[in-house]
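Note sheet for the following structure.
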């Protein structure tokens, strides 16, 4: 052991080893991205496919442009065995940003409403409508969204005879709320600005003679929590 380290207490040396171990684990995860995707802890899927900066810049045109953008990548089911969320591309990037703020419930509600409207069987609407209501709209719901009392009550009445338009008003209000708030924060965030930068600027200067090829700088977007 070198003289500098010999004078350090044992607790400091253990901390240094812990940091080294964690860095090694992170580097190992980064390396696995070269093969397309990897699964992190708790079944989190990390998609390493890079979206071009020109596509990313289109997300700034409107919230609709952002959440309607899908990549050709179709994520497999989450690690907990649940269904894969139908989010990819811009929608996944927006959700990853919201997750970093612990405020993804509005987007999750919007996605659930879109999936609900696509249900082909009228018999499936009743159970699914009640699930969405209990998860997002009922008072003290696990992922309660910010709705006024009138819209909340109107949606509750719609559950008596649920149609494809059952959540339309609530979904419209949540969309406008995201449009005025979280979408604007997303466009100003470092997360978005990094994605919108050209690859050369994001990854640094080009290859130098004798240097190891740099790993591409993909956007690591969590698909399932």
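Numbering (full-length UniProt numbering), first residue to last: 1 to 225. For each residue, glycine too, the CB sits at the ideal point set by N, CA and C.
Asked, Found
"Could you give the distance in angstroms between the alpha-carbon of residue 163 and the alpha-carbon of residue 119?", "10 Å"
"Less than 9 Å between the beta carbons of residue 129 and residue 145, yes or no?", "no"
"Relative to the C-alpha of residue 160, which residue among 127, 117, 106 is closest?", "127"
"Can you tell me whether residue 90 is helix, strand or coil according to DSSP?", "helix"
"Output yes or no for whether 9 Å exceeds the beta carbon distance between residue 90 and residue 65.", "yes"
"Report all residues from its chain with a CB closer than 8 Å to the CB of residue 189; omit the five preceding and five following residues, and keep chain order.", "97"
"Hey, quick one: how far does the alpha helix (DSSP H) through residue 69 stretch, first residue to last?", "Run containing residue 69: none; DSSP gives neither H nor E here."
"Select from 104, 61, 114 the residue whose C-alpha is nearest the C-alpha of residue 172.", "114"
"If I'm right that residue 67 touches residue 109 with Cβ under 8 Å, what's the distance once you round it to whole angstroms?", "Contact flag wrong, Cβ pair sits at about 12 Å."
"If you count every other CB in all the chains shown that lies within 10 Å of the CB of residue 123, and 16 or more means buried, which is it?", "exposed"
"For a test of the three-state rule: what should DSSP assign to residue 102, helix, strand or coil?", "coil"
"In whole angstroms, what separates the C-alpha of residue 60 from that of residue 177?", "17 Å"
"Measuring only the C-alpha atoms, how far is residue 194 from residue 62?", "19 Å"
"How would you write the range of the alpha helix (DSSP H) that residue 183 sits in, first residue to last?", "182-188"
"Measuring straight from C-alpha to C-alpha, what distance separates residue 141 and residue 132?", "10 Å"
"Which one of 52, 165, 191, 166 has the shortest CA to CA distance from residue 99?", "191"
"Taking 8 Å as the cut-off, does the CB of residue 124 come closer than this to any heavy atom belonging to the ligand MG?", "Annotation note on the ligand MG: not contained in the displayed structure, which lists no ligands."
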